[in-house]
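In the working numbering, the protein residues as written are 1 to 464. Ideal Cβ placement from N, Cα and C applies to all residues, glycine included.
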Amino acid sequence: MLTLLLCFSLETQAKTVTNEIELDEAEITRRLHAMENRVVKPRYDPVVMSYLRTYLVKGREGTEQMLGRRFIYFPLFEDVLFQNDLPEELKALSIVESALHNRAISRVGAMGLWQFMPPTGRSLGLQVDANIDERRDTRRSTEAAAVYLKKLYKEFSDWELAIAAYNSGSGRVIRALKRGRGTNYWAIRGDLPKETANYVPAFIAASYLLEHFDKHGLTPKFPAEELLLTTSILVHQDLSFEQVAKLTGVSIETIDFLNPAFNRKSIPASARGYYLTMPSKVMEKVRVYLETNRPDGAVKPELITSMNAPKVRDVSAASALVEESHEVSTGETLEALAKMYGCTVDKIKEWNKLDSTAVAPGQFLKIFRAKNWKLRVERMETFSLIPMLQLGLLEQEAKIVAPSAKDLAPEQESFQYYVTTRPESIFEIADRFPGANLQDILKINELNSNRIIRAGTRLKIRKL
1 MLTLLLCFSL ETQAKTVTNE IELDEAEITR RLHAMENRVV KPRYDPVVMS YLRTYLVKGR
61 EGTEQMLGRR FIYFPLFEDV LFQNDLPEEL KALSIVESAL HNRAISRVGA MGLWQFMPPT
121 GRSLGLQVDA NIDERRDTRR STEAAAVYLK KLYKEFSDWE LAIAAYNSGS GRVIRALKRG
181 RGTNYWAIRG DLPKETANYV PAFIAASYLL EHFDKHGLTP KFPAEELLLT TSILVHQDLS
241 FEQVAKLTGV SIETIDFLNP AFNRKSIPAS ARGYYLTMPS KVMEKVRVYL ETNRPDGAVK
301 PELITSMNAP KVRDVSAASA LVEESHEVST GETLEALAKM YGCTVDKIKE WNKLDSTAVA
361 PGQFLKIFRA KNWKLRVERM ETFSLIPMLQ LGLLEQEAKI VAPSAKDLAP EQESFQYYVT
421 TRPESIFEIA DRFPGANLQD ILKINELNSN RIIRAGTRLK IRKL
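See below:
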């Protein structure tokens, strides 16, 4: 809720420097107009500037902390949005709603990263009672938000109207449209409640922040490593946080932060199961304990790689197909992809509604392959990405690969190459190479420290 954003500002103002930083409105306006966003058309607006002053001037310290927290949540947000065929830019909605505080609660009782009221949460399948409040469960609340946003977009066929309805409810947006002053958000803005009238500008400001924070001298305050490198497991039996703390040595405070949905710091027995999220380095102890102590007939614990794990989706049990999302690399053709995935060019065109065989680098294609088909990946002499594979589970580890012919230069003894097989934060990647310097990795690969690395990205790592 926008009220949370105001609280966020007030809490941090006292800690900031009193001499305000001057914002170059002309330059900000130019950047806004140059931004590409599938949800809103960024534009200058006095309300947009008001929110930007909060982020960039009055509440800089709080903004830097929020920018650090996004490394905990954005990999999951991006994956869930992708799985639901929703624009990735919608992740900025959680900044407007909660400033990425997983226990955020509004004055009217909306809660969690996505700020659901209890009835709305329950209508979307979330458990909300004295023991469990899944509005604070990162994974399940994000999946519920995706379902809700998809429903709203289907209703309005316009993302600006859909996110306005996310804030105020469909009824108010429909009534504003019926007044006949226009068919888009900006035309009916004056007929919406004040908070909703400011909602799309707030979203634009949050989107600008994510794209341009570094140009305003902001540096993310990164959370502890144990909050960034996490794994989740589906638990079906009674398990208290105290038991988990004794088993793993992780503090109850950390367990509680990673698992805020459990009001009594305990996971109740359930056939459906609840996700327990823990630092990856201790999850094997948890898995072995659950496997050893599960009641007769209980479901085997399901382990999933933190918030970064893409899901493997079965399209049809009868045809035993798995859906892949492939990002086209430079020089790739539909013929090569058909060979790689064991299908035909016509099928790829049909699945993606293509009129021709022309594809562009960076374009995403939906492709179905047989479950038992072994991908035939041919190394290209120059490439920056390999296919994005929906690999899914913890045992599907990223691999260190040899350099291509282009890279066989005098520096070949000094570098190694790493290809991601799922979305990863730069911290996870640096952690795979003991002694590697984070800033060195960023500089060599021309990366921004705020970036979540997509599956299939090839990075150069300096050998020690």
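Environment of PHE203 [buried if 16+ CB atoms lie within 10 Å]: It counts as buried.
Buried or exposed (CB count within 10 angstroms, at least 16 for buried), LYS178: Exposed, by the Cβ-count rule.
Range of the contiguous beta strand (DSSP E) that encloses LEU234: Here the beta strand (DSSP E) through LEU234 covers 230-235.
For PHE222, the three-state DSSP class (helix, strand or coil): Look at PHE222 here: in three-state DSSP terms it is coil, with no helix or strand label.
Residue of VAL48, ALA26, VAL80 minimising C-alpha distance to ILE197: What sits at residue 197 in the sequence shown is Ala, not Ile. Ranking VAL48, ALA26, VAL80 by Cα distance to ALA197 puts VAL48 first.
The stretch 78-87 in contact with the stretch 226-238 per 3-pair CB rule at 8 Å: Cβ pair count under 8 Å is below three, so no.
Closest residue to PHE71 among MET278, VAL244, LEU227 (Cα-Cα distance): That would be LEU227, whose Cα lies nearest to the Cα of PHE71.
Own chain residues within Cβ distance below 6 Å of ILE426, not counting five before or after: No residues qualify anywhere along the chain.
With 16 other Cβ atoms within 10 Å as the buried cut-off, status of ILE400: Low local confidence applies: a pLDDT of 44 at ILE400 is under 50, so the model's placement there is unreliable, with the coordinate-based value given in what follows. By the neighbour-count rule (16 or more Cβ atoms within 10 Å), ILE400 is not buried but exposed.
Nearest-angstrom beta carbon gap, LEU86 and LEU149 [assumed within contact, 8 Å]: Contact flag correct, Cβ pair sits at about 6 Å.
Beta-carbon gap between TRP114 and SER157 smaller than 7 Å: Result no, Cβ atoms of TRP114 and SER157 do not sit closer than 7 Å.
6 Å Cβ shell around LEU258 - same chain, five flanking residues per side excluded: Here the set comprises THR277.
Sheet register partners of THR277 (DSSP bridge): The bridge partners DSSP lists for THR277 are SER232.
Terminal residues of the beta strand (DSSP E) in which TYR55 lies: No beta strand (DSSP E) contains TYR55, which DSSP labels as neither H nor E.
PRO118 vs VAL108 beta-carbon contact at 7 Å: Result no, Cβ atoms of PRO118 and VAL108 do not sit closer than 7 Å.
Sheet register partners of HIS326 (DSSP bridge): Under DSSP, HIS326 shares a beta bridge with LEU365.
N- and C-terminal bounds of the beta strand (DSSP E) containing LEU461: Note that residue 461 is Ile in the sequence shown here, rather than Leu. Looking at the DSSP string, the run of the beta strand (DSSP E) that includes ILE461 is 458-462.
Span separating the alpha-carbon of GLU22 from that of GLU36: GLU22 and GLU36: Cα-Cα distance of roughly 25 Å.
Residue range of the beta strand (DSSP E) that includes VAL419: Its beta strand (DSSP E) spans residues 415-419.
DSSP bridge partner residues for PHE262 (one or two, in chain order): As a beta-bridge residue in DSSP terms, PHE262 pairs with ILE132.
For SER425, the three-state DSSP class (helix, strand or coil): Taken through DSSP and simplified to helix, strand or coil, SER425 comes out as strand.
Between the CA atoms of THR457 and GLU284 - distance to the nearest angstrom: Straight-line measurement puts the Cα of THR457 at about 27 Å from the Cα of GLU284.
Element boundaries [alpha helix (DSSP H), containing ILE95]: Run containing ILE95: 93-98, per the alpha helix (DSSP H) assignment.
For SER106, the three-state DSSP class (helix, strand or coil): Looking at SER106 - three-state DSSP - the assignment turns out to be coil, as it is neither helix nor strand.
Limits of the unbroken alpha helix (DSSP H) element including VAL250: Taken as a continuous stretch (DSSP letters only), VAL250 belongs to no alpha helix (DSSP H), as it is neither H nor E.
Rounded C-alpha distance that separates ALA338 from THR344: One C-alpha to the other measures close to 5 Å.
Nearest to SER266 (by Cα), restricted to the options SER240, ILE188, GLN416: The candidate whose alpha carbon is nearest that of SER266 is SER240.
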